[in-house]
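Line by line, the protein sequences give chains A and B.
Numbering of the first sequence is given in our numbering, commencing with residue 4 and proceeding in unit increments.
Numbering of the second sequence is given in our numbering, commencing with residue 1241 and proceeding in unit increments.
We put the CB at the ideal spot given by N, CA and C, even for glycine.
Since we're looking at a predicted model, the values are computed, not measured.
Single-structure report; data block below.
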Amino acid sequence: MWMTEIPIFVPFFIGALIAAFTRGTLRSVLMVAVPIFSALHLWMIPAGIHLQFIFLDYQLIPYRVDKLSILFGYVFHIAALIGIIYSLHLRDTMQQVSAMLYAGSSMGAVFAGDLLTLFVFWELLAFTSVFFILARRTQRSYTAAMHYLIIQVLSGVILLIGTIFYAIENNTLAFGYIGLNSIAGWLIFIAFGIKCAFPFAHNWLTEAYPEATVTGTVFLSAFTTKVAVYALARSYPGTELLIYIGAAMTCFPIFFAVIENDLRRVLAYSLINQVGFMVVGIGIGTALAINGAVAHAFNDVIFKGLLFMSMGAVLHMTGKINGSELGGLYKTMPKTTILCIVGAASISAFPLFSGFVSKSMVMSAALSEGYDWIWLMLLFASAGVFHHAGIKIPYFAFFAHDSGIRVSDPPKNMLFAMAIAAGLCIAIGIYPQALYTLLPYDTGYNPYDATHVLAQTQLLFFSALAFVWLNLKGMYPPELRSTNLDFDWVYRRALPHSLKNIFAIIWQKDRTLRQEIKQKLTLCLTYMAAKNNRLNGLLSRNYPSGSMAMWVAVVLATYLLLSFIK
Amino acid sequence: MKHEKKYLFDDPKNIKRVLHILYGCCALLVVLDFIIHRHISHNWENLFGFYPIYGFVGCVILVIVATWMRKFLQRDEDYYEKESYIKEDNTKEGYIKIDSKNETEANNKKETLAIKLTTKKGAHHVDD
């Protein structure tokens, strides 16, 4: 059947064309139709390689479907549909088009069967998503977008170099298990790591996501990091280094999240924290752990999208997103409040919400494989994520002190998109088997045993108790208008400043050096000039012009003489 | 705002209620620890109240450390937008300081002058 040979990204790229040339209701209808149609198309496709050809002696597989990729394919369709519905009220063709292209690129990357195709979509992801940040049209967002683009493209370039090394070493471009035992392996690992927001490479995310538009952040949060998680799961399962990187990723962002004022930046930090859980799962590499990692990626796309949507709704309606300026919004935004709390409960992994059924797999795997300290870190991060994303976000936006802002709930399309996401969060939480059948391995895992439910509930309730206690004691850090320094300080402040200083010194030295040389040269010249500055000197300035005339006469005379001789 | 509608948490009683429910749940969860038989996969879990204590202490430490981090990480909101942040700030502060100093000095002078005048006035005998 020819239908199966159409790669999944094609409908989305066609959708982008449609979005560029249509307006109004027609565009809305067609844009919503694209992910639905494409999802049905994906539903009917059997696993296997559906498209391949030979390019310069290498086999390229732009379209391969297997259990791992199809799971990400499904969740990206859900994310695209929710995002598109959420942004239906927009009248900004640039964002609508890039939404389609961005979603399509992520599908292309996920269904890529070789590294070259992956590289193409890897770079497309960067170039199509930067418009969400630029579309905010402020100086701040422009700077953030440029940093974002530079880092993302750098990741792509490293991937390309790694791919070339890989092709030379192994004489194949296959995108499968790679491992860390060659230069190519390390290069590709670093490329994936940058997009995955590994520590010290994470600031593109925390800088750019909160500067993107209301709807743009919803798209951004769904795709880029999850494509990287998918790539790691395919190429580096069971790499022990990932366990430690992931554990660091779960822990350090929560400290920043607690003191951050911009609530969407809080969510950006907690996004890194959640990706950390997935990275740990991939690092452990057992069937249960991999299942946990990809299931958590699936759930994270939905609940993090929901949280970003609810904060986007707040920003859209009030024009403010700083915790210090918000508060008391539950009074007039009750629906958004409830939907946000559903997202908060899901990310905190409350039983009966989606986070619980996937995060627990990673934790169980860590414990059963004997990574005790890692398990303790993950437990701390679970408590911490509840603290900053589960309580802080809803509390400072919708409750806390009354800011006096009275705005209504956001437009219906936004509410509807959030309702779909919230519904999925609860549905997966109540009936996890639906998700488990999609997972790559069959482990027969059951999240709802009494021990586990009790342990998790105890952990969460006492974290809440800690929040209440700290708040009543006045020890909870108040929301302050501020910037908190992170690693990006190195390239946003320290590096430019030190470069500036170094260049200032270099210019200064250069100037003195040149002045000295100039001085020496002038001295030389004056010396020469003085020497020749006599009347009879050959190069004298005072040489009479009469002698010149005489010499010309001599030359002409010689010439005349010569012509006679001839 | 007198006529504004009363909302759920405008009444402190309701906040108290929510807190009491939370305390109740916490107590119940600790009690459940004795009732439900756990199958333990790690020794630490055997410790009494491991999860509740870990959650509570973990969060308190998290907040204390994060608050401490503010000391050296916090900068002005437009830190990255300002080019020569430090210089500007110094001059600004210095300016304000000098200004306020002058003002207080001037005030002090005025006051002392006034006092002097009044005391002079007071000391000055009408008949002199």
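For residue i, which three-state DSSP category applies?
i, result
"N206 (chain A)", "helix"
"R237 (chain A)", "helix"
"L488 (chain A)", "coil"
"L475 (chain A)", "helix"
"L93 (chain A)", "coil"
"Y1294 (chain B)", "helix"
"I1301 (chain B)", "helix"
"L370 (chain A)", "helix"
"F58 (chain A)", "strand"
"Y180 (chain A)", "coil"
"G322 (chain A)", "coil"
"I293 (chain A)", "helix"
"R1315 (chain B)", "strand"
"G51 (chain A)", "strand"
"Y448 (chain A)", "coil"
"I11 (chain A)", "coil"
"V78 (chain A)", "helix"
"Y1247 (chain B)", "coil"
"P65 (chain A)", "strand"
"E214 (chain A)", "helix"
"M336 (chain A)", "coil"
"F399 (chain A)", "helix"
"G331 (chain A)", "coil"
"H455 (chain A)", "helix"
"V365 (chain A)", "helix"
"F311 (chain A)", "helix"
"V410 (chain A)", "coil"
"D303 (chain A)", "helix"
"F353 (chain A)", "coil"
"A115 (chain A)", "coil"
"F201 (chain A)", "coil"
"L483 (chain A)", "coil"
Would you give the residue range spanned by the alpha helix (DSSP H) that residue i belongs to?
i, result
"I429 (chain A)", "K415 to I433"
"L3 (chain A)", "Because residue 3 (chain A) is not part of the residues shown, which for chain A are 4 to 569, the question remains open."
"I246 (chain A)", "E243 to I262"
"D375 (chain A)", "D375 to V388"
"W125 (chain A)", "L118 to L137"
"H1282 (chain B)", "Taken as a continuous stretch (DSSP letters only), H1282 (chain B) belongs to no alpha helix (DSSP H), as it is neither H nor E."
"Y145 (chain A)", "Q142 to N173"
"H44 (chain A)", "G27 to W46"
"S273 (chain A)", "L266 to I287"
"G1289 (chain B)", "Here G1289 (chain B) belongs to no alpha helix (DSSP H), and DSSP marks it neither H nor E."
"G1264 (chain B)", "P1252 to I1275"
"L438 (chain A)", "Q436 to Y439"
"S550 (chain A)", "S548 to I568"
"K1322 (chain B)", "Counting along the chain, K1322 (chain B) falls outside any alpha helix (DSSP H), and DSSP gives it neither H nor E."
"F195 (chain A)", "I186 to K198"
Drop a sphere of 10 angstroms on the beta-carbon of residue i, count the other beta-carbons inside from all chains shown, and report buried for 16 or more, exposed for fewer.
i, result
"K198 (chain A)", "buried"
"L270 (chain A)", "buried"
"I568 (chain A)", "exposed"
"S155 (chain A)", "For the sequence presented, residue 155 (chain A) should be read as Gln rather than Ser. Classification for Q155 (chain A): buried."
"A497 (chain A)", "exposed"
"M366 (chain A)", "buried"
"E595 (chain A)", "Here chain A covers residues 4 to 569 and nothing more, so residue 595 (chain A) does not appear."
"N1254 (chain B)", "exposed"
"A50 (chain A)", "exposed"
"A234 (chain A)", "buried"
"E243 (chain A)", "exposed"
"Q277 (chain A)", "buried"
"G326 (chain A)", "buried"
"I285 (chain A)", "buried"
"C343 (chain A)", "buried"
"G188 (chain A)", "buried"
"S361 (chain A)", "buried"
Measure how close the beta-carbons of residue i and residue j come, nearest whole angstrom, since I'm counting them as under 8 Å.
i, j, result
"P570 (chain A)", "G76 (chain A)", "Outside the shown range of chain A (4 to 569) lies residue 570 (chain A), about which nothing can therefore be said."
"C428 (chain A)", "S357 (chain A)", "5 Å"
"Q98 (chain A)", "A138 (chain A)", "5 Å"
"A250 (chain A)", "V297 (chain A)", "Contact flag wrong, Cβ pair sits at about 18 Å."
Please find out if some non-hydrogen atom of the ligand GTP comes closer than 7 Å to the beta-carbon of residue i.
i, result
"I508 (chain A)", "Ligands are entirely absent from the displayed structure, and the ligand GTP is therefore not among its contents."
What does residue i reach in chain E if we use C-beta pairs closer than 9 Å?
i, result
"L1287 (chain B)", "No chain E is present in this structure, whose protein chains are A and B."
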